[in-house]
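As given, the protein sequences belong to chains Z and A, one line each in that order.
Counting along the first sequence from 1, when you hit position 210 you're at 525 in my numbering, and nothing is skipped either side.
Counting along the second sequence from 1, when you hit position 80 you're at 111 in my numbering, and nothing is skipped either side.
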Amino acid sequence: MQGKIIVISSGKGGVGKTTATASIGAALAMEGKKVVVVDMDIGLRNLDVVMGLENRIVFNIVDVARTKCKVRQAAIKSRRIENLFLIPASQSDNKDALTPQDMIRISKTLRNEFDFILMDCPAGIERGFENAVAAADEAVVVCTPEVSSIRDADRVIGLLYAKEIPSKLLVNRIVPTMVKRGEMLSHEDVVDVLSIDLVGLVEADDQVVVSTNSGIPIVMQDDSKAGQAFKRIALRLNGQPELPIEVPGVSKSFWKKIGSKIGFGK
Amino acid sequence: MLNGLMKKFFNKSGSKETAKKRLQFALVYDRLEVSEDTLTDMQNEIVAVISRYFVIDREKLKLDITRRNDLSALVFNTPIISAKARRRMA
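This is how it looks when you write it as structure tokens:
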């Protein structure tokens, strides 16, 4: 069976794309899927440190494109999670080192070897973005509940739409107390503004910083709200799109009812 | 004190309503690639025309651009409070 390519994108930088890629990738692998996460941020690689694999790098995605190595040689195996692999970005090249055609070619091999291929898209909508989305089947657009991030997300959603890549929204770093006070856009507001379906809602969680510090995936911590949210997102991407969206920070029984209604409606 | 003042200006709803309104307008400009002046003028003219026939709730006006099937649709949404007496018809 051919693997599915999902690009994690946002437009704006610093909204949590890399964390989302690492977390969703780890969660999918924990579900028993064979997963590779690909760092498409050529020149500014970070997915390797977030995953705690920075000192194992031998080859990178540019080497694969230049046929200096095979996909299998460039894919680093996770120490902690079975079936999870990382293809790092090159740190010494710039975005022009890859072309969308390269990515389409490489993707053929990736689809044959993995169930899920997650592309960690760089910020911006230039070449790096074009490369990351070149072979994508689906997209997850990450935004935070802030005007700048939402505006950029809208731009990216438009570009993905023009390329006929179906996209869903991940709202990251929600602060429930601020939403309650009316000082932060709620996920309903964001969805209303962007007119796009949700794939999940992730609460702002200090554990993410701790997890990044140590390079241990947040989804391995059962007490992390963000980790649990990413796990549920992975389930939705892995054949359970109807799984109800949980809204951070409100009493569960009540929202479970609402959530299942939303889930039922779709 | 400043906080209190801000609250007074953006009363009851908190700053997120301001954020949402600003965003909705910014996105309309982004999607249409037209200037703010053009859209404001257009909105004012539409409001003027509708107001001739209906009493509308100007606070709840909503201008939105939706993309569907390669088309952009301009959606102008306004609650109608009541119809105006049609004096001109006579």
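Positions of the beta carbon are idealized from the N, C-alpha and C atoms, including for glycine.
Using 8 Å for Cβ pairs, my map puts residue i next to residue j. What's the rounded Cβ distance?
i, j, result
"V351 (chain Z)", "L362 (chain Z)", "Contact doesn't hold; Cβ gap of about 11 Å is too wide."
"I440 (chain Z)", "G326 (chain Z)", "6 Å"
"K91 (chain A)", "T109 (chain A)", "7 Å"
"R360 (chain Z)", "Q317 (chain Z)", "Going by Cβ atoms, the distance from R360 (chain Z) to Q317 (chain Z) rounds to 27 Å, so no, they are not a contact pair."
"A549 (chain Z)", "L413 (chain Z)", "Going by Cβ atoms, the distance from A549 (chain Z) to L413 (chain Z) rounds to 27 Å, so no, they are not a contact pair."
"E357 (chain Z)", "E453 (chain Z)", "According to the sequence provided, residue 357 (chain Z) is Ile. The question's Glu does not apply to it. About 22 Å; that fails the 8 Å criterion."
"A404 (chain Z)", "I376 (chain Z)", "6 Å"
"L399 (chain Z)", "A341 (chain Z)", "6 Å"
"I480 (chain Z)", "A449 (chain Z)", "The pair is not a contact, with the Cβ atoms about 10 Å apart (cut-off 8 Å)."
"A380 (chain Z)", "D417 (chain Z)", "4 Å"
Per DSSP, residue i is paired with what?
i, result
"S602 (chain Z)", "Residue 602 (chain Z) falls outside the range modelled here, since chain Z spans only 316 to 581, and no answer is possible."
"G515 (chain Z)", "Z:L485"
"A116 (chain A)", "For A116 (chain A), which the question treats as bridged, DSSP gives no partner whatsoever."
"F431 (chain Z)", "Z:K319 and Z:V350"
"K93 (chain A)", "A:N108"
"S87 (chain A)", "It should be noted that the sequence gives Ile, not Ser, for residue 87 (chain A). Its beta-bridge partners are A:I111."
"S324 (chain Z)", "Z:V456"
By the 10 Å Cβ neighbour count, where 16 or more other Cβ atoms means buried, how is residue i classified, buried or exposed?
i, result
"K47 (chain A)", "buried"
"P391 (chain Z)", "Reading off the sequence, residue 391 (chain Z) comes out as Ile, not Pro. By the neighbour-count rule (16 or more Cβ atoms within 10 Å), I391 (chain Z) is buried."
"P348 (chain Z)", "Correcting the residue identity first, residue 348 (chain Z) is Lys in this sequence and not Pro. It is buried - the Cβ of K348 (chain Z) has at least 16 other Cβ atoms within 10 Å."
"M434 (chain Z)", "buried"
"G367 (chain Z)", "buried"
"S539 (chain Z)", "buried"
"N75 (chain A)", "exposed"
"A477 (chain Z)", "exposed"
"L614 (chain Z)", "With chain Z running from 316 to 581 in the structure shown, residue 614 (chain Z) is simply not present."
"G331 (chain Z)", "buried"
"I274 (chain Z)", "With chain Z represented from 316 up to 581, any question about residue 274 (chain Z) goes unanswered, as that position is not in the structure."
"G443 (chain Z)", "buried"
"D537 (chain Z)", "exposed"
"E518 (chain Z)", "buried"
"T459 (chain Z)", "buried"
"A79 (chain A)", "exposed"
"T333 (chain Z)", "buried"
"V494 (chain Z)", "buried"
"N553 (chain Z)", "buried"
"T336 (chain Z)", "buried"
"R551 (chain Z)", "buried"
"N409 (chain Z)", "exposed"
"T527 (chain Z)", "buried"
"G580 (chain Z)", "Low per-residue confidence applies at G580 (chain Z): pLDDT is 39, beneath 50, and the placement is therefore not dependable, though the value from the model is reported in the following sentence. With fewer than 16 Cβ atoms within 10 Å of its Cβ, G580 (chain Z) is classed as exposed."
"Q543 (chain Z)", "buried"
"A121 (chain A)", "Any answer about A121 (chain A) is weak, because its pLDDT of 45 lies below 50 and its placement is not dependable; what the coordinates show is given next. With fewer than 16 other Cβ atoms within 10 Å, it is exposed."
"R496 (chain Z)", "exposed"
"R547 (chain Z)", "buried"
"L63 (chain A)", "exposed"
"I111 (chain A)", "exposed"
"D354 (chain Z)", "buried"
"F545 (chain Z)", "buried"
"V457 (chain Z)", "buried"
"F107 (chain A)", "exposed"
"S464 (chain Z)", "buried"
"S82 (chain A)", "exposed"
"S393 (chain Z)", "buried"
"A104 (chain A)", "exposed"
"G329 (chain Z)", "exposed"
Let me make sure I understand the geometry here. Which of the options has the alpha-carbon closest to that of residue i?
i, options, result
"V471 (chain Z)", "Z:S482, Z:D354 and Z:L433", "Z:S482"
"K115 (chain A)", "A:Y84, A:L70 and A:L105", "A:Y84"
"D521 (chain Z)", "Z:I511, Z:G515, Z:I533 and Z:S510", "Z:I533"
"Q124 (chain A)", "Z:N528, Z:V494, Z:I531 and Z:R466", "A question about residue 124 (chain A) goes unanswered here, because the residues of chain A that appear run from 32 up to 121."
"V505 (chain Z)", "Z:E461, Z:R395 and Z:M316", "Z:E461"
"S422 (chain Z)", "Z:A447, Z:S405, Z:D411 and Z:Q406", "Z:A447"
"V524 (chain Z)", "Z:S324, Z:E346, Z:V364 and Z:A342", "Z:V364"
"N487 (chain Z)", "Z:K319, Z:G318, Z:I339 and Z:K410", "Z:I339"
"D95 (chain A)", "A:T69, A:M73, A:L58 and A:R89", "A:L58"
"L513 (chain Z)", "Z:R360, Z:V455 and Z:S405", "Z:V455"
"L516 (chain Z)", "Z:K319, Z:V562, Z:S526 and Z:K383", "Z:V562"
"L509 (chain Z)", "Z:A468, Z:S463, Z:A451 and Z:D430", "Z:A468"
"I396 (chain Z)", "Z:S529, Z:E346, Z:I560 and Z:L500", "Z:E346"
"K385 (chain Z)", "Z:G530, Z:L425, Z:M499 and Z:I432", "Z:L425"
"K52 (chain A)", "Z:L474, Z:A541, Z:P556 and Z:L500", "Z:L500"
"P415 (chain Z)", "Z:F429, Z:C436 and Z:N427", "Z:C436"
"D430 (chain Z)", "Z:P559, Z:Q555, Z:K319 and Z:E498", "Z:K319"
"S324 (chain Z)", "Z:L485, Z:V490, Z:F374 and Z:V379", "Z:L485"
"L475 (chain Z)", "Z:V490, Z:E445, Z:P491 and Z:I489", "Z:E445"
"A50 (chain A)", "Z:E369, Z:E498, Z:V490 and Z:G329", "Z:E498"
Who are the neighbours of residue i on chain B, taking C-beta pairs under 8 Å?
i, result
"E498 (chain Z)", "Here chain B cannot be found, since the structure's protein chains are Z and A."
Output the residue ranges of the beta strand (DSSP E) runs that lie fully inside the segment 334–422 of chain Z and measure 3 residues or longer, sorted by chain position.
With a minimum length of 3 residues, the continuous beta strand (DSSP E) runs that stay inside the segment 334–422 of chain Z are 350–354 and 399–402.
Only counting runs of 3 or more residues, tell me where the beta strand (DSSP E) segments fall wholly within the segment 501–552 of chain Z, in order along the chain.
The segment 501–552 of chain Z is shown to contain whole beta strand (DSSP E) runs of 3 or more residues at 513–518, in chain order.
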